[in-house]
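Using UniProt numbering, the first residue of the sequence shown is number 1, and each one after it goes up by one. Here a beta-carbon is modelled for each residue, glycine too, at the ideal position from N, C-alpha and C.
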Amino acid sequence: MSIDSTWLRCPNCFSDLEAVSERVFGCADGHRFDRSKHGYLTLLPPRAPRTLGDDREMLSARAELLGGGTYARIAEALVAELLDGRSALDAARGLRVADLGCGTGYYSERLRSAIPGTDILLADRSPDAVRMALRAVPSATGVVLDVWRPLPIRDASVDVILDVFAPRNPSEFARILRPGGRLLVVVPTASHLSELRESGGLIDIPAEKAATVSAQLQVAGFMPLSGRRIEYGVEADAHLRMLIAGMGPSSHHAAALAPIEDDVDTRRMSVSVDVLAFDMPGS
Numbered sequence: 001m002s003i004d005s006t007w008l009r010c011p012n013c014f015s016d017l018e019a020v021s022e023r024v025f026g027c028a029d030g031h032r033f034d035r036s037k038h039g040y041l042t043l044l045p046p047r048a049p050r051t052l053g054d055d056r057e058m059l060s061a062r063a064e065l066l067g068g069g070t071y072a073r074i075a076e077a078l079v080a081e082l083l084d085g086r087s088a089l090d091a092a093r094g095l096r097v098a099d100l101g102c103g104t105g106y107y108s109e110r111l112r113s114a115i116p117g118t119d120i121l122l123a124d125r126s127p128d129a130v131r132m133a134l135r136a137v138p139s140a141t142g143v144v145l146d147v148w149r150p151l152p153i154r155d156a157s158v159d160v161i162l163d164v165f166a167p168r169n170p171s172e173f174a175r176i177l178r179p180g181g182r183l184l185v186v187v188p189t190a191s192h193l194s195e196l197r198e199s200g201g202l203i204d205i206p207a208e209k210a211a212t213v214s215a216q217l218q219v220a221g222f223m224p225l226s227g228r229r230i231e232y233g234v235e236a237d238a239h240l241r242m243l244i245a246g247m248g249p250s251s252h253h254a255a256a257l258a259p260i261e262d263d264v265d266t267r268r269m270s271v272s273v274d275v276l277a278f279d280m281p282g283s
C-alpha cells in the first residue's frame, strides 16, 4: 500500500502535500502527517474528533451483504455508467476516481476490476472503513477525512467522484472535480427495503430524494447527465435481513432489530435506488 500525494493537500493550510520520507507527508508550511501502519493517512482538520464514522460491526455486516452479491446490480450500473461516458473522460489515460464515503471499498474494487489502470482514492470518516477498503483495493491511496469540511484533496485533481449511499458536499465536490469530470451518485428511493422500514427495522427515506440531491448539486454547478433506476427483489432470510439492518444506524437500536430477529421466515425485499450522473462543465 502506498500513498500518491498528487491527490492531496494539507487539511490545515490547503498547501499541496508531498512525501517527506517513506512514512511522513507534509506541506511547505511545516504540517506533518504520518502514514499509519495500515497504509492510510488521517487528514482531519484541527481539533476534529478521531473516532467517528461506521464502526467495525456495521462494516462487517456490510461486507458480508455485499460479498454475497445483494447489491451487485448497483455496482454493475455504476460501471456501465462510467464506461458509457469514458470517451468524454479521456480514454487515452487512466482515470482518477475518488470514492468518497468508500465504506468497505466494494464499489471501487468492482470498478477497478472492470477498468484496469484506474487510480483510486479511498476516503471515509471511519478509519476502520478505510482500512477495510484498502484490503479490497491495495493499490489505492487511503485517507481518513471529514466530508463536511474542506476536503484535503487538490483542486481539479479528480476525473470521477463516486458517492454511494454517502453524504455529499456539493461545493467541495465541484472544487476537486476537473472540468469535464463526472460525479456518480447512488441514493435510495422511498421503496428501497420498504418491507424492513414498515416493520420499524430501518429509518425512513424522504420522498423524491433523488430530485432533492440533484437540485443541491446543480446549485454548485453540476449539470445532470443521466439517471437510471435500479429495482429488483431479493429473497432475504432472517440473517440477511439482520445484515441489512446491521450495516446502518439502526444497528445501534435493539428495539429496531427485535422484530427482525423474531421473524425467521424468508421474505422478499425490494432493492430500489437511483443512479445519477452529473458533469462538471468546462473545457
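Practice task
Using beta-carbon positions only, say whether L184 and L78 come within less than 8 Å of one another.
Solution key: As a first step, residue 184 must be located in the sequence shown, where it is residue number 184. As a first step, residue 78 must be located in the sequence shown, where it is residue number 78. It is a contact, given that the beta carbons lie within the stated cut-off.
Exercise for the section: Assess, as a yes-or-no matter, whether the stretch 232 to 241 is touched by the stretch 264 to 273 under the definition of 3 or more beta carbon pairs within less than 8 Å. Expected result: yes
Exercise for the section: Determine contact between the stretch 49 to 68 and the stretch 16 to 28, defined as no fewer than three beta-carbon pairs at a distance below 8 Å. Expected result: no
Exercise for the section: Counting only the same chain and skipping the five closest in sequence on each side, list residues whose C-beta sits under 8 Å from that of V24. Expected result: For this step, residue 24 is matched to residue 24 along the sequence shown. These residues qualify, in order along the chain: R32, F33, D34 and R35.
Handout entry: Neighbourhood of residue 307 by C-beta, 8 Å cutoff - its chain only, sequence neighbours within 5 removed
Key = Since the first residue shown for the chain is 1 and the last is 283, residue 307 is missing from the structure and cannot be characterised.
Problem - Where the alpha helix (DSSP H) through A75 begins and ends - result: By 1-based counting over the sequence shown, the position of residue 75 is 75. Its alpha helix (DSSP H) spans residues A72 to D84.
Problem - Contact test: A133 Cβ vs the ligand NAP heavy atom, cutoff 7 Å - result: In the structure shown, the ligand NAP is absent, as is every other ligand, since no ligand is present at all.
Exercise for the section: May I ask you to report which of helix, strand or coil DSSP gives D132? Expected result: For the purposes of this step, residue 132 is identified with residue 132 of the sequence shown, where counting begins at 1. The sequence as given places Met at residue 132; Asp does not occur at that position. M132: helix per DSSP, three-state reduction.
Handout entry: Boundaries of the alpha helix (DSSP H) in which V213 is found, first to last residue
Key = On the sequence shown, position 213 is the one that residue 213 refers to. That run of the alpha helix (DSSP H) goes K209 to V219.
Problem - Nearest-angstrom Cα separation, counted from R96 out to T118 - result: For the purposes of this step, residue 118 is taken as the residue at position 118 of the sequence shown. For the purposes of this step, residue 96 is taken as the residue at position 96 of the sequence shown. Going from the Cα of T118 to the Cα of R96 covers about 6 Å.
Exercise for the section: Measuring alpha carbon to alpha carbon, tell me which of A190, G246, Q218 and F222 ends up nearest R229. Expected result: If you number the sequence shown from 1, residue 229 lands on position 229. The candidate whose alpha carbon is nearest that of R229 is A190.
Handout entry: Through-space distance from V273 to M242, alpha-carbon basis
Key = Position 242 of the sequence shown, counting from 1, holds the residue named residue 242. Position 273 of the sequence shown, counting from 1, holds the residue named residue 273. Cα to Cα, the separation comes out at about 20 Å.
Problem - Cβ distance (whole Å) where V130 is taken to contact S108 below 8 Å - result: The count along the sequence shown starts at 1 and reaches residue 130 at position 130. The count along the sequence shown starts at 1 and reaches residue 108 at position 108. About 11 Å separates the two Cβ atoms, so there is no contact after all.
Practice task
Please state whether DSSP places G39 in a helix, a strand or coil.
Solution key: Residue 39 sits at position 39 when you count from the first residue of the sequence shown. G39 falls in the coil class under three-state DSSP.
Practice task
Please state whether DSSP places L177 in a helix, a strand or coil.
Solution key: Along the sequence shown, one-based indexing puts residue 177 at 177. Three-state result, L177: strand.
Problem - Among D279, G248 and S5, the one whose alpha carbon lies nearest that of residue 338 - result: Residue 338 falls outside the range modelled here, since the chain spans only 1 to 283, and no answer is possible.
Practice task
From the DSSP output, in three-state form, read off G68 for me.
Solution key: The residue you call residue 68 lines up with position 68 of the sequence shown. If DSSP states are grouped into helix, strand and coil, G68 belongs with coil.
Practice task
Kindly indicate the opening and closing residues of the beta strand (DSSP E) around L196.
Solution key: One-based indexing of the sequence shown puts residue 196 at position 196. It is not in any beta strand (DSSP E) - L196 instead sits in the alpha helix (DSSP H) that spans S194 to E198.
Problem - Sequence-distant residues of its chain with Cβ nearer than 6 Å to A75 (five each side left out) - result: Here the question's residue 75 lines up with position 75 in the sequence shown. Only Y107 and R110 meet the Cβ criterion.
Problem - Bridge partner(s) assigned by DSSP for P224 - result: Counting from one through the sequence shown, the residue named residue 224 turns up at place 224. The partner list for P224 (beta bridge, DSSP) reads F278.
Practice task
Ignoring anything shorter than 4 residues or poking outside the stretch 103 to 131, list the alpha helix (DSSP H) runs there in chain order.
Solution key: 106 to 114
Practice task
Look up P206 in the DSSP assignment and say whether it is helix, strand or coil.
Solution key: Residue mapping note: residue 206 aligns to position 206 of the sequence shown, counting from 1. Three-state result, P206: coil.
Exercise for the section: Grab me the residues of R9's own chain with a C-beta within less than 7 Å of its C-beta, minus the 5 sequence neighbours each way, in chain order. Expected result: Walking along the sequence shown from the start, residue 9 turns up at place 9. For R9, where only same-chain residues beyond five positions count, the Cβ hits under 7 Å are S15, D16, L17, P152, I153 and R154.
Practice task
With a threshold of 16 other CB atoms inside 10 Å of the CB of C102, please say whether the residue is buried or exposed.
Solution key: Along the sequence shown, read from residue 1 onward, the residue named residue 102 stands at position 102. The residue in question, C102, is buried, as its Cβ has 16 or more Cβ neighbours within 10 Å.
Problem - Between the CA atoms of V147 and A48 - distance to the nearest angstrom - result: Numbered from 1 along the sequence shown, position 48 holds the residue referred to as residue 48. Numbered from 1 along the sequence shown, position 147 holds the residue referred to as residue 147. Cα-Cα distance, rounded: 12 Å.
Practice task
Could you tell me the distance, in whole angstroms, from the CA atom of A238 to the CA atom of I244?
Solution key: The residue given as residue 238 occupies position 238 in the sequence shown. The residue given as residue 244 occupies position 244 in the sequence shown. One C-alpha to the other measures close to 10 Å.
Practice task
Please state if the CB of V158 and the CB of A98 are separated by a distance shorter than 8 Å.
Solution key: Within the sequence shown, numbered from 1, the residue matching residue 98 stands at position 98. Within the sequence shown, numbered from 1, the residue matching residue 158 stands at position 158. Cβ atoms of A98 and V158: closer than 8 Å.
Practice task
Measure the C-alpha to C-alpha separation of G282 and L177 and round it to an integer number of angstroms.
Solution key: Here the question's residue 282 lines up with position 282 in the sequence shown. Here the question's residue 177 lines up with position 177 in the sequence shown. The straight-line gap from Cα to Cα measures roughly 11 Å.
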